Every structure is written in structure tokens, then in C-alpha cells.
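Numbering-wise (full-length UniProt numbering), the sequence shown opens with residue 1 and increments by one.
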Amino acid sequence: MNFSNSSIEIVLESITDAFYSLDNDLRIEYINRVSEQLLDLKREEVLGNYIYDALPHSDINKFVKKYKTALLLQQPIVFEEFFKNKWYEVRGFPSLQGVSVYFRDITRQREEKEKMYKMAYYDGLTQLPNRYYFMEFVQNKISTNEESYSFSILFMDLDRFKVINETYGHKAGDRLLKAVAKRLGRIINHHGLIARYSGDEFLIFLKLDKEEKIARLVNELNASFLKPFRIDKQEIYMTAKTGISQFPKDGQHVDLLIKQADIALYHAKKNRIVDFIFFQPALSDLFQRNAMIESELRKAILYDQIQVYYQPKIELESGKIYGVEALSRWEHPRMGFISPEEFIPIAEESGLIHELGSYVLKKACKQLKVWHESGYEPIQVSVNVSARQFENLKFIEMLKGVLNKTQLSAEYLELEITESIIQNITQSQPLLNELKAIGISLSIDDFGIGYSSLSKLRQLPIDSLKIDRTFINDLNTNDHTIVKTIIEMGHNLHFNLVAEGIENKKQLEILKRYNCQYGQGYLFSKPLPVEEVEHFLTSK
Numbered sequence: 001m002n003f004s005n006s007s008i009e010i011v012l013e014s015i016t017d018a019f020y021s022l023d024n025d026l027r028i029e030y031i032n033r034v035s036e037q038l039l040d041l042k043r044e045e046v047l048g049n050y051i052y053d054a055l056p057h058s059d060i061n062k063f064v065k066k067y068k069t070a071l072l073l074q075q076p077i078v079f080e081e082f083f084k085n086k087w088y089e090v091r092g093f094p095s096l097q098g099v100s101v102y103f104r105d106i107t108r109q110r111e112e113k114e115k116m117y118k119m120a121y122y123d124g125l126t127q128l129p130n131r132y133y134f135m136e137f138v139q140n141k142i143s144t145n146e147e148s149y150s151f152s153i154l155f156m157d158l159d160r161f162k163v164i165n166e167t168y169g170h171k172a173g174d175r176l177l178k179a180v181a182k183r184l185g186r187i188i189n190h191h192g193l194i195a196r197y198s199g200d201e202f203l204i205f206l207k208l209d210k211e212e213k214i215a216r217l218v219n220e221l222n223a224s225f226l227k228p229f230r231i232d233k234q235e236i237y238m239t240a241k242t243g244i245s246q247f248p249k250d251g252q253h254v255d256l257l258i259k260q261a262d263i264a265l266y267h268a269k270k271n272r273i274v275d276f277i278f279f280q281p282a283l284s285d286l287f288q289r290n291a292m293i294e295s296e297l298r299k300a301i302l303y304d305q306i307q308v309y310y311q312p313k314i315e316l317e318s319g320k321i322y323g324v325e326a327l328s329r330w331e332h333p334r335m336g337f338i339s340p341e342e343f344i345p346i347a348e349e350s351g352l353i354h355e356l357g358s359y360v361l362k363k364a365c366k367q368l369k370v371w372h373e374s375g376y377e378p379i380q381v382s383v384n385v386s387a388r389q390f391e392n393l394k395f396i397e398m399l400k401g402v403l404n405k406t407q408l409s410a411e412y413l414e415l416e417i418t419e420s421i422i423q424n425i426t427q428s429q430p431l432l433n434e435l436k437a438i439g440i441s442l443s444i445d446d447f448g449i450g451y452s453s454l455s456k457l458r459q460l461p462i463d464s465l466k467i468d469r470t471f472i473n474d475l476n477t478n479d480h481t482i483v484k485t486i487i488e489m490g491h492n493l494h495f496n497l498v499a500e501g502i503e504n505k506k507q508l509e510i511l512k513r514y515n516c517q518y519g520q521g522y523l524f525s526k527p528l529p530v531e532e533v534e535h536f537l538t539s540k
């Protein structure tokens with residue numbers, strides 16, 4: 001086709017697209033100015049030459065194959081191809097005389113597209129695939145493979161990552177996540193795909209389907225954490241929990257498989273012995289019960305269905321009552337009695353512990369004020385405070401509001417905190433000092449089972465240590481060592497000592513012998529409703 005000295009040439013020279021025309025033998029008939037610039041050619045040197053000679057580059061074969069197909073089928077073609085370090089969009093229009101080719105440089109558009117794709121499907125911090133990539137990847141595996149195909153999904157959660165973030169800072173936490181992702185990736189890349197789900201959680205696709213092989217690999221992942229991560233000159237040790245689901249046994253859609261793995265992870269995190277759990281249908285039933293309890297607990301707090309019972313605390317030498325511990329009890333109208341050992345962990349995990357804790361504190365302070373005004377001996381009430389409540393920035397403001405509203409003097413309120421609260425002494429000390437300044441007493445609950453160091457205890461305004469009931473139980477077997485040591489240490493640091501779970505006179509006599517001042521347990525009284533506490537106060 002002759003393009004010279006024609007209106008067609010004027011058009012072809014004015015368009016922004018590059019253009020060249022090939023005859024049926026793939027010799028160049030025409031090339032416009034844009035093509036010269038893009039391909040770094042001179043028109044007079046290439047006209048009449050075969051395209052192989054005009055563009056001697058290995059990538060040209062990819063184009064030629066498509067041109068030949070277009071000529072053979074006499075059908076237009078549109079494709080994108082990489083050539084000489086650039087991406088081009090190519091459109092070919094065949095005729096009986098040859099093929100006309102329009103193309104444009106789309107390198108920037110491709111880069112933007114790839115950037116958008118990476119933002120949508122990859123995690124910006126770890127550079128791992130994200131949950132959306134993972135879900136599409138797994139669903140594609142399900143859709144494109146035969147029925148006999150099987151694999152497993154691992155849902156992994158790092159332990160204590162929040163504590164590490166708070167201790168070393170978020171930048172260190174980010175560097176730790178990148179290091180964890182890299183270490184896990186080196187193991188997983190041989191067996192499947194790892195993705196970051198969110199926060200400190202990872203999803204893993206494994207081509208393995210036999211439980212013993214999966215278990216072996218999870219153990220290998222956990223073993224990789226035995227070597228500490230060095231972050232900002234600090235050696236940080238990590239552990240993780242993992243839930244596992246299997247295709248097709250546990251589900252035939254990616255959403256369900258992830259959900260089942262998450263349920264298994266939930267139970268693995270509650271289990272102190274194992275690091276991973278395979279999904280079983282019974283776990284789903286328990287998960288659904290927990291979800292129901294969470295939903296019903298919201299209503300119970302809202303509609304005042306949680307009762308507060310009080311367990312007397314006794315001065316061991318005199319046998320007099322000096323205080324009570326407020327404990328929540330729940331009798332559900334349909335589900336019956338729900339143990340605090342069941343609903344309090346659910347409240348912790350769901351965040352409802354803030355509402356529940358505030359509810360119990362208000363009721364306890366109000367009731368104690370009523371007892372004081374009714375002429376009963378002025379005793380103290382102890383209320384448990386969890387680590388999550390303590391982390392709430394509005395906790396002290398809420399507490400002051402309760403004392404102000406109930407008009408209860410702060411000296412009659414004791415807060416029982418867990419040893420975990422004082423691990424981050426930089427954060428906890430100012431809060432404890434503020435509580436102490438208000439006039440509130442502070443006690444460490446379940447002392448002995450955590451990791452409190454003597455140096456930390458000396459720095460904090462603690463009044464009492466409550467010896468955990470497991471050590472009191474040991475007194476039945478004549479193992480007095482731990483209890484005796486805790487009591488002696490407490491006296492040396494000028495703490496009051498309170499023994500939990502005293503159930504018989506033998507335990508009582510031993511505790512008195514070692515000068516433990518206070519105690520509570522079924523030997524004296526079980527937790528009581530308000531009316532029975534009043535009878536107890538009168539009798540004592």
C-alpha cells in the first residue's frame with residue numbers, strides 16, 4: 001500500500017500513536033515519525049527491510065508470531081508486550097496486502113497499574129501478599145483443581161505482640177513484623193504461600209494435607225522462633241499460636257476455611273499447653289456458644305441482670321470480717337447459670353470487660369455505702385481490675401466519677417490487680433500512684449503465678465499481696481515452702497498478706513503460724529448475695 005504523498009500520510013504523521021505498515025512478507029512499507037522516535041530508527045534506512053533486520057532484537061519474535069496469526073486469520077489483534085525495556089500497547093489490522101500496526105508506549109500506565117495492584121493486594125510493611133490476594137489465590141485453587149485436590153489453611157497469631165509494641169515502640173514493632181515475615185517466608189515458600197492478614201496475624205496456604213506433615217511444619221515454624229529477633233540492639237523472643245483448617249474436609253470456600261482456622265486459633269490461644277489446634281466441628285459449637293454469651297452479656301449489663309455477690313475477707317487471728325470481695329454472678333433466663341470462669345474471659349476478649357468492670361464497681365461501691373449508712377461495721381470492698389480495664393485512658397476518670405456519685409470514701413475501696421499489669425512499670429507506675437493519691441488501696445491478686453520481680457514491687461505503691469489458691473492447696477500435702485517464702489518476703493516489704501481459697505482448719509493453722517494476717521475461702525464463707533452478707537456481718 002502506498003502511503004507517500006497522500007492524505008493518509010498527513011493523518012499518520014499527525015497522530016500521537018506510533019505506526020508502521022508491513023506487507024505480507026513482513027517488510028516495512030511505511031513508518032511514521034513517532035515510530036522513528038520510539039524505536040530509535042531512521043525511516044530511509046528501514047523502508048523495504050524485513051522487520052527482523054529493521055528491529056534486530058530477540059523480543060521481536062513475540063510480535064512477529066502475532067502478526068503472522070493476524071494475517072492468516074485476517075482478524076485484528078490487540079495486545080500488550082515488553083520490548084527494549086518498555087511496555088507497548090499494540091493494535092494490528094490485517095488486510096490482503098499486509099498488516100497495519102499502531103502502538104503506543106504504556107510503560108507509565110503499566111507502572112501505575114502495577115503500583116495500584118501492589119497497594120490492593122500486598123502489605124505495605126512486610127511486602128507479603130495481603131488477605132485479599134490470599135483469598136483470591138485460595139479460591140482460585142479450589143475452582144481450578146480436581147475434586148481429589150486437598151490443602152490446608154493456617155491462621156497464625158503472634159503472642160504478646162501488643163506488649164512488645166508498648167515496651168519498645170511501634171517502629172520496633174514494625175521492624176519485628178518484617179523480620180518475622182521474612183523468617184516464616186523462608187520456610188513456607190517451599191510449601192505454599194504466606195500472607196499478612198492484619199496486625200500480628202498471618203495466613204498460610206499449605207499444599208500439605210496429612211495432619212502429621214502439617215504438624216511437623218508448624219513445629220518447624222515455631223522452632224524458628226527459638227532464635228531471638230534482634231531489633232534495635234534488643235533480643236526479642238517470640239512465640240505464636242496457630243489454628244488449622246483443611247480442604248475439603250472443613251469447608252469448600254475460602255471464607256469458611258479461614259473462619260474454621262480462626263475458630264481453631266481461638267481455642268489454641270486459650271490453651272496453655274499446645275501451640276496449634278486442628279479445626280473440629282465441636283470447636284465451632286463452642287465458638288457459637290461464646291458468640292451467644294458475648295451477645296447476651298451485652299444485654300445482661302444493659303438490663304441489670306448481672307448480680308454482684310460478696311465473699312467475706314477475714315482477719316485470721318481474730319476471726320473478724322474486715323472486708324468483702326465483689327464477684328459477678330449471672331443467672332441467664334434461658335441458658336441458666338453461666339460461670340464467671342466462662343463469661344469473664346469472653347468479656348476480656350470482646351472488650352466488654354470495660355462495661356462489666358464499671359458495672360460491678362458501681363454496684364459494689366453503692367452497696368458498701370448503704371451498709372455503712374445502715375450502721376454495719378465499716379468494712380472495705382475489693383473489686384477486681386483486669387489489664388484491659390487498666391489500659392483504658394478513661395479508667396481513673398470513671399472511677400472518680402463512681403466514688404463521687406456514691407459518696408463512698410476512697411479508703412474503703414481496694415482494687416485487686418493482676419501481676420501482668422505491673423510488667424510495664426513505666427506505664428503502670430504513674431497510674432498506680434494516681435490511684436494511691438486518691439486514697440484507694442491496691443492489692444496484687446493471684447500473687448506467685450506471674451512474673452513480679454522484687455525490684456518492681458518495691459517501686460510500686462502496693463498495699464497487699466493475695467497468695468494464689470494453688471499454693472494454699474499445697475499446704476494439704478505439707479509443702480509449705482512457697483507459702484512461707486511469700487509471707488516472709490511480704491512482711492519484709494511491709495505488705496499485708498491475704499490467703500485465697502482457705503478450705504480447712506489445717507490450712508488456717510499453718511497460715512496463722514507463718515503470720516499471714518488475712519484470708520478468704522469456703523472455710524469462712526462462700527460468695528454471698530446482699531441479704532446473706534448482712535446476716536454474716538451481724539453474726540460476726
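We put the beta carbon where it would ideally sit given N, CA and C, even for glycine.
Predicted, not measured: the structure shown is a model, and the values here were computed from it.
- Residues bridged to lysine 241 by DSSP? Within the sequence shown, numbered from 1, the residue matching residue 241 stands at position 241. Paired residues: Asp157.
- Item | Status (buried if at least 16 other CB within 10 Å, exposed otherwise) for residue 579 | Nothing can be reported for residue 579, as the shown portion of the chain is limited to 1 through 540.
- Message: Could you tell me the alpha carbon to alpha carbon distance between serine 428 and isoleucine 422, rounded to whole angstroms?
- Response: For the purposes of this step, residue 428 is identified with residue 428 of the sequence shown, where counting begins at 1. For the purposes of this step, residue 422 is identified with residue 422 of the sequence shown, where counting begins at 1. Roughly 6 Å separates the two Cα atoms.
- Query: Roughly how many whole angstroms lie between the Cα atoms of aspartate 53 and asparagine 219?
  - Reply: Residue mapping note: residue 53 aligns to position 53 of the sequence shown, counting from 1. Residue mapping note: residue 219 aligns to position 219 of the sequence shown, counting from 1. If you take the alpha carbons of aspartate 53 and asparagine 219, they lie about 59 Å apart.
- Message: Just to confirm the assignment, what range does the alpha helix (DSSP H) spanning tyrosine 51 have?
- Response: Taking the sequence shown and counting its residues from 1, one reaches residue 51 at position 51. Per the sequence shown, residue 51 should be read as isoleucine rather than tyrosine. First-last of the alpha helix (DSSP H) with isoleucine 51: 51 to 54.
- Message: Can you check which of these residues, Gln459, Glu315, Met238, is closest to aspartate 159 by C-alpha distance?
- Response: For this step, residue 159 is matched to residue 159 along the sequence shown. That would be Met238, whose Cα lies nearest to the Cα of aspartate 159.
- Item | The alpha helix (DSSP H) enclosing glutamate 509, as first and last residue numbers | What you label residue 509 is simply residue 509 of the sequence shown in a count that begins at 1. Segment 505 to 513, the alpha helix (DSSP H) holding glutamate 509.
- Message: Taking 8 Å as the limit between beta carbons, can you name the residues of its chain near residue 592, skipping five residues before and five after?
- Response: Because the chain in this structure spans residues 1 to 540, residue 592 falls outside the shown range and cannot be described.
- Would a C-beta distance cut-off of 8 Å place isoleucine 39 and leucine 26 closer than the cut-off? Start at 1 with the first residue of the sequence shown, and residue 39 comes out as number 39. Start at 1 with the first residue of the sequence shown, and residue 26 comes out as number 26. Sequence inspection shows leucine at residue 39; the isoleucine mentioned does not correspond to that position. No, they are not a contact pair.
- Query: By Cβ distance, which residues of its chain are closer than 8 Å to leucine 217, with the 5 residues on each side in sequence left out?
  - Reply: Along the sequence shown, read from residue 1 onward, the residue named residue 217 stands at position 217. Excluding residues within five positions, the ones whose Cβ falls inside 8 Å are Ile187, His191, Leu206, Leu208.
- Where does tyrosine 518 fall in DSSP's three states? Mapped onto the sequence shown, residue 518 falls at position 518. Three-state result, tyrosine 518: strand.
- Item | Residue nearest to serine 150 in terms of C-alpha spacing, selected from Asp250, Arg469, Lys363, Tyr67 | For the purposes of this step, residue 150 is identified with residue 150 of the sequence shown, where counting begins at 1. Here the closest residue by C-alpha is Asp250.
- Message: In the DSSP output, what is glutamate 325 paired with across the bridge?
- Response: Looking up residue 325 in the sequence shown gives position 325. Gln311, Ser382.
- Query: Does the Cβ of proline 312 have 16 or more other Cβ atoms within 10 Å, making it buried, or fewer, making it exposed?
  - Reply: As a working note, residue 312 is residue 312 in the sequence shown. Buried.
- Task: Have a look at the DSSP bridge pairing and note the partners of valine 78.
- Result: On the sequence shown, residue 78 is found 78 positions in, with the first residue counted as 1. The partner list for valine 78 (beta bridge, DSSP) reads Arg91.
- Task: Measure the CB-CB distance between glutamate 381 and glycine 439 and report whether it falls below 8 Å.
- Result: In the sequence shown, the residue the question calls residue 381 occupies position 381. In the sequence shown, the residue the question calls residue 439 occupies position 439. Here residue 381 is valine; the residue named in the question, glutamate, does not match the sequence. For valine 381 and glycine 439, no; Cβs fall outside 8 Å.
- Query: What's the call for tyrosine 522, buried or exposed, on a 16-neighbour Cβ count within 10 Å?
  - Reply: Your numbering for residue 522 matches position 522 in the sequence shown. Exposed, by the Cβ-count rule.
- Query: Sorted by chain position, which residues of the same chain lie with C-beta nearer than 7 Å to leucine 457's C-beta, five sequence neighbours on each side aside?
  - Reply: Along the sequence shown, one-based indexing puts residue 457 at 457. Closer than 7 Å at the Cβ level, and outside the excluded window around leucine 457, lie Leu493.
- Message: Residues in the same chain with beta-carbon distance under 6 Å from leucine 361, minus the five sequence neighbours each way, listed in chain order, please.
- Response: To locate residue 361, count along the sequence shown from 1; it is residue 361. Val383, Val402, listed in sequence order.
- Query: At what residues does the beta strand (DSSP E) containing tyrosine 20 begin and finish?
  - Reply: If you number the sequence shown from 1, residue 20 lands on position 20. Run containing tyrosine 20: 18 to 23, per the beta strand (DSSP E) assignment.
- Item | Unbroken stretches of the beta strand (DSSP E), 3 residues or longer, contained in the segment 359 to 419 | 380 to 385, 413 to 417
- Neighbourhood of serine 148 by C-beta, 8 Å cutoff - its chain only, sequence neighbours within 5 removed: Here residue 148 refers to the residue found at position 148 when the sequence shown is read from its first residue. For serine 148, where only same-chain residues beyond five positions count, there are no Cβ hits under 8 Å.
- Helix, strand or coil for residue 544, going by three-state DSSP, please let me know. Here the chain comprises residues numbered 1 to 540, so residue 544 is not present and cannot be evaluated.
- Other residues of its chain near histidine 253: CB distance less than 8 Å, five sequence neighbours each side excluded: The count along the sequence shown starts at 1 and reaches residue 253 at position 253. If we look at histidine 253 and ignore the five residues flanking it on each side, its Cβ neighbours are Gln139, Ile142.
- Query: Is it buried or exposed for glycine 375, if we count other Cβ within 10 angstroms and need 16 for buried?
  - Reply: Counting from one through the sequence shown, the residue named residue 375 turns up at place 375. Counting Cβ neighbours within 10 Å, glycine 375 comes out exposed, since fewer than 16 surround it.
- Message: So, for proline 76: in the same chain, excluding its five sequence neighbours on each side, which residues have a beta-carbon less than 6 Å away from its beta-carbon?
- Response: One-based indexing of the sequence shown puts residue 76 at position 76. Correct list, in chain order: Phe93.
- Item | Cut-off 8 Å between Cβ atoms - residues of its own chain near glutamate 296, not counting five sequence neighbours on either side | Within the sequence shown, the letter at position 296 stands for residue 296. So the qualifying residues of the chain are His332, Met335.
- Item | Alpha carbon of residue 545 to alpha carbon of serine 443, nearest angstrom | Only positions 1 to 540 of the chain appear in the structure, and residue 545 is not among them; the question remains open.
- Coarse secondary structure for valine 274, derived from DSSP in three states: The residue given as residue 274 occupies position 274 in the sequence shown. Three-state result, valine 274: coil.
- Exposure of methionine 156, with buried meaning 16 or more beta-carbon neighbours within 10 Å: As a position in the sequence shown, residue 156 is number 156, starting the count at 1. Buried, because 16 or more other Cβ atoms sit within 10 Å of the Cβ of methionine 156.
- Query: How many angstroms separate the CA atom of asparagine 163 from the CA atom of aspartate 200?
  - Reply: For the purposes of this step, residue 163 is identified with residue 163 of the sequence shown, where counting begins at 1. For the purposes of this step, residue 200 is identified with residue 200 of the sequence shown, where counting begins at 1. Here residue 163 turns out to be valine, not asparagine, going by the sequence shown. Whole-angstrom Cα-Cα distance: 12 Å.
- Simplified DSSP assignment, three categories, for serine 100: Taking the first residue of the sequence shown as position 1, residue 100 is located at position 100. Strand at serine 100.
- Query: Taking the alpha carbon of isoleucine 321 as the point to measure from, which residue in Leu399, Val533, Lys62, Lys84 has its own alpha carbon closest?
  - Reply: Locating residue 321 in the sequence shown gives position 321, counting from the first residue. The shortest C-alpha separation from isoleucine 321 is found at Val533.
- Query: Taking the alpha-carbon positions, what's the lysine 86 to arginine 108 distance?
  - Reply: Here residue 86 refers to the residue found at position 86 of the sequence shown. Here residue 108 refers to the residue found at position 108 of the sequence shown. The straight-line gap from Cα to Cα measures roughly 9 Å.
- Message: For threonine 418, tell me which candidate among Leu432, Ile472, Ile277, Phe83 has the shortest Cα-Cα distance.
- Response: Here residue 418 refers to the residue found at position 418 of the sequence shown. The option with the nearest alpha carbon to threonine 418 is Leu432.
- Task: Just the C-alpha distance for aspartate 255 and tyrosine 132, rounded to the nearest angstrom, thanks.
- Result: As a first step, residue 255 must be located in the sequence shown, where it is residue number 255. As a first step, residue 132 must be located in the sequence shown, where it is residue number 132. In a straight line, the C-alpha of aspartate 255 is about 11 Å away from that of tyrosine 132.
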